[in-house]
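Peer 1: Here the protein sequences line up with chains A and B, keeping their order. Position 277 of the first sequence, counting from 1, maps to 277 under our numbering, and the rest follow consecutively. Position 180 of the second sequence, counting from 1, maps to 646 under our numbering, and the rest follow consecutively.
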Amino acid sequence: MTRSRTLAQKLWDRHVVAGAPGEPDLLYIDLHLVHEVTSPQAFEGLRMAGRPVRRPDLTVATADHNVPTTPGPVEDPLSAEQLEVLGRNCERHGIRLFPRGDPDQGIVHVIGPELGLSQPGMTIVCGDSHTSTHGAFGALAFGIGTSEVEHVLATQTLPQQQAETMAVVVEGELPEGVTAKDVILAVIGHLGTGGGIGTLIEYRGSTISALSMEGRMTICNMSIEAGARAGMVAPDDTTFSYLEGRPFAPSGAAWERALDDWRSLPTDDGATFDRTLEIDASRLRPHVTWGTNPGQVATLDDNVPDPDSMEDPAEAGSARRALAYMGLTPGTPLREIRVDTVFLGSCTNSRIEDLRAAAEVVRGRRVAPSVRALAVPGSGRVKRQAEEEGLDRVLVAAGFEWREPGCSMCLAMNPDKLAPGERSASTSNRNFEGRQGRGGRTHLVSPAVAAATAVAGHFASPSDLD
Amino acid sequence: MEPVRVVTSRAVPLDRSDVDTDQIIPSDWLKRVERTGFGKGLFAEWRDDRDFVLNQPEHAGAAILVAGPNFGVGSSREHAVWALLDYGFRAVVAPRFGDIFRNNSTRSGLVPAQVEPAFGRRLLDAVSADADLEVTVDVERRLVEAPAAGLEGRFELDELTQRRLLEGLDDVGLTLRRADAIKEFEDRRPSWLPSVG
Ligand code: SF4
Numbered sequence: 001m002t003r004s005r006t007l008a009q010k011l012w013d014r015h016v017v018a019g020a021p022g023e024p025d026l027l028y029i030d031l032h033l034v035h036e037v038t039s040p041q042a043f044e045g046l047r048m049a050g051r052p053v054r055r056p057d058l059t060v061a062t063a064d065h066n067v068p069t070t071p072g073p074v075e076d077p078l079s080a081e082q083l084e085v086l087g088r089n090c091e092r093h094g095i096r097l098f099p100r101g102d103p104d105q106g107i108v109h110v111i112g113p114e115l116g117l118s119q120p121g122m123t124i125v126c127g128d129s130h131t132s133t134h135g136a137f138g139a140l141a142f143g144i145g146t147s148e149v150e151h152v153l154a155t156q157t158l159p160q161q162q163a164e165t166m167a168v169v170v171e172g173e174l175p176e177g178v179t180a181k182d183v184i185l186a187v188i189g190h191l192g193t194g195g196g197i198g199t200l201i202e203y204r205g206s207t208i209s210a211l212s213m214e215g216r217m218t219i220c221n222m223s224i225e226a227g228a229r230a231g232m233v234a235p236d237d238t239t240f241s242y243l244e245g246r247p248f249a250p251s252g253a254a255w256e257r258a259l260d261d262w263r264s265l266p267t268d269d270g271a272t273f274d275r276t277l278e279i280d281a282s283r284l285r286p287h288v289t290w291g292t293n294p295g296q297v298a299t300l301d302d303n304v305p306d307p308d309s310m311e312d313p314a315e316a317g318s319a320r321r322a323l324a325y326m327g328l329t330p331g332t333p334l335r336e337i338r339v340d341t342v343f344l345g346s347c348t349n350s351r352i353e354d355l356r357a358a359a360e361v362v363r364g365r366r367v368a369p370s371v372r373a374l375a376v377p378g379s380g381r382v383k384r385q386a387e388e389e390g391l392d393r394v395l396v397a398a399g400f401e402w403r404e405p406g407c408s409m410c411l412a413m414n415p416d417k418l419a420p421g422e423r424s425a426s427t428s429n430r431n432f433e434g435r436q437g438r439g440g441r442t443h444l445v446s447p448a449v450a451a452a453t454a455v456a457g458h459f460a461s462p463s464d465l466d
Numbered sequence: 467m468e469p470v471r472v473v474t475s476r477a478v479p480l481d482r483s484d485v486d487t488d489q490i491i492p493s494d495w496l497k498r499v500e501r502t503g504f505g506k507g508l509f510a511e512w513r514d515d516r517d518f519v520l521n522q523p524e525h526a527g528a529a530i531l532v533a534g535p536n537f538g539v540g541s542s543r544e545h546a547v548w549a550l551l552d553y554g555f556r557a558v559v560a561p562r563f564g565d566i567f568r569n570n571s572t573r574s575g576l577v578p579a580q581v582e583p584a585f586g587r588r589l590l591d592a593v594s595a596d597a598d599l600e601v602t603v604d605v606e607r608r609l610v611e612a613p614a615a616g617l618e619g620r621f622e623l624d625e626l627t628q629r630r631l632l633e634g635l636d637d638v639g640l641t642l643r644r645a646d647a648i649k650e651f652e653d654r655r656p657s658w659l660p661s662v663g
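1. List the endpoints of the continuous alpha helix (DSSP H) containing residue 219(A).
2. Just verifying my parser: in three-state terms, what is the DSSP assignment at residue 479(B)?
3. Please list, in chain order, all residues of the same chain as residue 528(B) whose beta carbon is under 6 Å from its beta carbon, the five residues on each side excluded.
4. Can you give me the C-alpha to C-alpha distance between residue 163(A) and residue 73(A), rounded to a whole angstrom?
5. Looking at chain A, is there any beta carbon in it that lies within less than 8 Å of the beta carbon of residue 582(B)?
6. Counting pairs of beta carbons, one from the region 141-157 of chain A and one from the region 531-549 of chain B, are three or more of them closer than 8 Å?
7. Report yes or no: is there a C-beta of chain A within less than 8 Å of the C-beta of residue 574(B)?
8. For a minimum of 4 consecutive residues, which ranges assigned as the alpha helix (DSSP H) are wholly contained in the region 129-212 of chain A?
9. Can you check whether the C-beta of residue 491(B) is within less than 8 Å of a C-beta belonging to chain A?
10. Within the same chain, show all residues whose beta-carbon is closer than 6 Å to that of residue 602(B), passing over the 5 residues directly before and after it, in chain order.
11. Flag residue 410(A) as yes when its Cβ comes closer than 7 Å to any non-hydrogen atom of ligand 1, and as no otherwise.
12. Taking 8 Å as the cut-off, does the region 563-574 of chain B touch the region 520-539 of chain B (at least 3 CB pairs, one atom from each stretch)?
13. Could you pull the start and end residues of the beta strand (DSSP E) that residue 231(A) belongs to?
14. For residue 565(B) and chain A, any beta-carbon pair shorter than 8 Å?
15. Residue 612(B) CB to nearest chain A CB: under 8 Å?
16. When the Cα of residue 231(A) is compared with those of 194(A), 202(A), 391(A), 347(A), which residue comes out closest?
17. Output needed for residue 367(A): all residues of its chain with C-beta closer than 8 Å, excluding positions within five of it in sequence on either side, in chain order.
18. So within the region 308-379 of chain A, which uninterrupted alpha helix (DSSP H) runs reach at least 4 residues, ignoring any that extend past its ends?
19. So, under 8 Å CB-CB, residue 657(B) and residue 254(A) are touching, yes? Tell me the CB distance rounded to an integer number of Å.
20. For a contact meaning CB atoms closer than 7 Å, what does residue 647(B) contact in chain A?
21. Taking a cut of 8 Å between CB atoms, which residues from the region 151-179 of chain A lie near chain B?
22. Can you list, in chain order, the residues of its chain with a C-beta nearer than 8 Å to that of residue 277(A)? Leave out the 5 residues immediately preceding and following it.
23. Just how far apart, CA to CA, sit residue 309(A) and residue 247(A)?
24. Less than 7 Å separating the Cβ of residue 581(B) from some heavy atom of ligand 1?
25. From residue 324(A) to residue 317(A), what distance separates their C-alpha atoms?
26. So for residue 126(A), helix, strand or coil by DSSP?
27. Could you tell me whether the Cβ of residue 122(A) comes closer than 8 Å to any Cβ of chain B?
28. Got a sec, what are the start and stop residues for the beta strand (DSSP E) residue 33(A) sits in?
29. Within 10 angstroms of the Cβ of residue 408(A), are there 16 or more other Cβ atoms? Answer buried if so, exposed if not.
30. How many angstroms separate the CA atom of residue 599(B) from the CA atom of residue 593(B)?
31. Only counting the same chain, and skipping five residues up and downstream in sequence, which positions put a Cβ closer than 6 Å to that of residue 217(A)?
32. On the DSSP bridge assignment, give the partners of residue 578(B) in chain order.
33. In three-state terms, what does DSSP make of residue 252(A)?
34. Let me know the beta strand (DSSP E) ranges lying completely inside the region 590-648 of chain B, each 3 residues or longer, listed in chain order.
35. Compute the minimum distance between the beta carbon of residue 303(A) and the heavy atoms of ligand 3, and state whether it is under 7 Å.
36. Exposed or buried, what is residue 420(A) when buried is set at 16 or more other beta-carbons lying within 10 Å of its beta-carbon?
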């Protein structure tokens, strides 16, 4: 009899090239995604050692972090150079690149799935911590550093220390207006930024099964914000119907063989996890962060917390520092906090479903005059589909700017930035100090809350607008 | 990478938890295509504050950083490690590190010494109280010591990583010795897996 295994264990086992007790396993990498920021020094390392890229056919590159989201030339010379260096490196090594202006260009974690490159059963890495996004397909997907990028380019493998497994079980029906983003913010609120360090999280339960692929991606995306190595969801019919017919998905007889294999991946009955966290979905509310890490989060109905009432002195200390940076006073209702900017975008929430949700809220309404609102689709494909559905017109009529795809104000490496002291409601994944521009103050929310906040001028849920 | 066996130095106390890599090196700095010159960007935004610990003259030249839990969480940017090294740090002592940061460190020769939380707290207090306190991070014995303060604590490091640090081994070179096993694995991969070739 074979032993019962979790999805994570199955994914791990099928990729071990070599292993020895006391040593990390050498894992084979099925797909390596590359972007301009974390790859130049890796390619340079290869050049200096005179090593080729082992599998250019399993390597895909895109330009996303630096790209301006307005048409025209790249004004910043350093950004322009980084984009050029990526182009040259891809050309030299025969790597498929989706450069700025390509119809399939976009944020690396948006294009992998939509091109059908991210599939169940795979190992996927990228020099980017939000690679956990692709785990939504039942893949083992995780972020790596530049030295590891070089290692994968040269060997198509990576030595990896075995990791613990954690089940995050979410059961029940989400209340009206509560989304996948609120689920993951609640999870991070429970675990804290370090609570998942060293673990592979599998999201399970009826709430997760009922989510679309977009929703599952939003959840897996932010696993890293709890410190987790990876997040994943078992593949099911939702996964298969999302994939069927996509450019790089298998077809014909290969599709049938792939399906048979994919159906064997979900966690076996009786398999055990090292840890379990249970969440009751029916009690969740829309969430908004108040601090400077994603674990510092509350519901929209709450007030800014009071550090003096926190038992753990370390927690109180970091809350105090966070509130000083954020310019917030304990006891203020979160709904009363006004924002200057609303950012709808990032690999967490820039997919078609996210844009639909925001457009639904602002349809026939106006963004508050004091608010700058930016909508940045995650990819060329998302942008075109949104335009076919007329979402761009709804957003623009309400007062949003409609931009070209890229990471944009998620990390402010391009011209889209907050000015010092400016406050944003952002659908991205990190509210770190300075993340959206030096001195900028970021609050993380769902697309629906971002849209309602844009209209109200202060934090609001769609139902507050009625 | 340079081998590293023992780091002995004064230490800088950074008494904060959840120090993310965006703070260690802000994104403005990530546009460079080189591996060097990131020291100036280390904690760039915090260094604007005159009172920030790195700005205090008594800590100049220290090679060990002692920090609170969850150091290096967030972005995968290895630039954070390059910035710490370029500034002059050879080891960081903390009760817990972000996974990717920890991996990145060991690949560039920065020692991430993960210690027990209580020990980490005592060490932070000791180096905060005495800027001249000499601290040793010993990779061979996997120990962090500050004898003048009576402190000694173990840190975790798997054997392979320890050997790589001690000998300054090139990771890629080690793996390429297994080229046959990789080739064999490739021959067994299912044919439906995506390829862009
Ligand atoms: S959108 Fe933000 S989090 Fe996602 S890949 Fe780009 S910079 Fe990273």
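Where a beta carbon is used, it is the ideal one built from N, C-alpha and C, also for glycine.
Peer 2: So, from the listed chains and residues:
1. Element bounds for residue 219(A): 213-221.
2. Reduced to three states, the DSSP call for residue 479(B) is strand.
3. If the five residues before and after residue 528(B) are omitted, its C-beta is found closer than 6 Å to the C-beta atoms of 475, 476, 477, 478, all from its own chain and listed in chain order.
4. Residue 163(A) and residue 73(A): Cα-Cα distance of roughly 44 Å.
5. Answer no: the Cβ-Cβ gap between residue 582(B) and chain A never drops below 8 Å.
6. Contact holds: three or more Cβ-Cβ distances are below 8 Å.
7. Interface criterion met: the Cβ of residue 574(B) is under 8 Å from a Cβ in chain A.
8. DSSP runs (the alpha helix (DSSP H)) wholly in the region 129-212 of chain A: 146-155, 180-191, 206-210.
9. No, because no Cβ of chain A sits closer than 8 Å to the Cβ of residue 491(B).
10. Taken in chain order, the residues that qualify are 474, 611.
11. Within the cutoff, so yes.
12. Between the region 520-539 of chain B and the region 563-574 of chain B, the count of Cβ pairs shorter than 8 Å is three or higher; the stretches touch.
13. Where residue 231(A) is concerned, the enclosing beta strand (DSSP E) starts and stops at 230-232.
14. With its beta carbon less than 8 Å from one in chain A, residue 565(B) belongs to the interface.
15. The beta carbon of residue 612(B) does not come within 8 Å of any beta carbon belonging to chain A, so the residue lies off that interface.
16. Ranking 194(A), 202(A), 391(A), 347(A) by Cα distance to residue 231(A) puts 202(A) first.
17. Once the five neighbours on either side are set aside, the close Cβ partners of residue 367(A) are 342, 373, 398, 399, 400, 454, 455.
18. Listed in chain order, they are 313-326, 352-362.
19. Right, the Cβ-Cβ distance comes to about 7 Å (below 8 Å), so this counts as a contact.
20. Under the 7 Å cutoff, chain A gives 17, 18.
21. So the close ones are 151, 154, 155, 156, 157, 159, 161.
22. Excluding residues within five positions, the ones whose Cβ falls inside 8 Å are 166, 167, 168, 169, 187, 190, 191.
23. Residue 309(A) and residue 247(A) have their C-alpha atoms roughly 54 Å apart.
24. With a threshold of 7 Å, the Cβ atom of residue 581(B) does not count as near ligand 1, since no heavy atom of the ligand is closer than that.
25. Residue 324(A) and residue 317(A) have their alpha carbons spaced roughly 11 Å apart.
26. Strand at residue 126(A).
27. By this cut-off, residue 122(A) is an interface position.
28. For residue 33(A), the enclosing beta strand (DSSP E) starts and ends at 31-35.
29. By the 10 Å Cβ count, residue 408(A) comes out buried.
30. C-alpha of residue 599(B) to C-alpha of residue 593(B): approximately 6 Å in a straight line.
31. 133, 136.
32. Looking at the DSSP assignment, residue 578(B) forms a beta bridge with 558(B).
33. In the three-state reduction of the DSSP assignment, residue 252(A) falls in the coil class.
34. Correct list: 601-604, 609-612, 617-620.
35. Annotation note on ligand 3: not contained in the displayed structure, which lists ligand 1 as its ligands.
36. Classification for residue 420(A): exposed.
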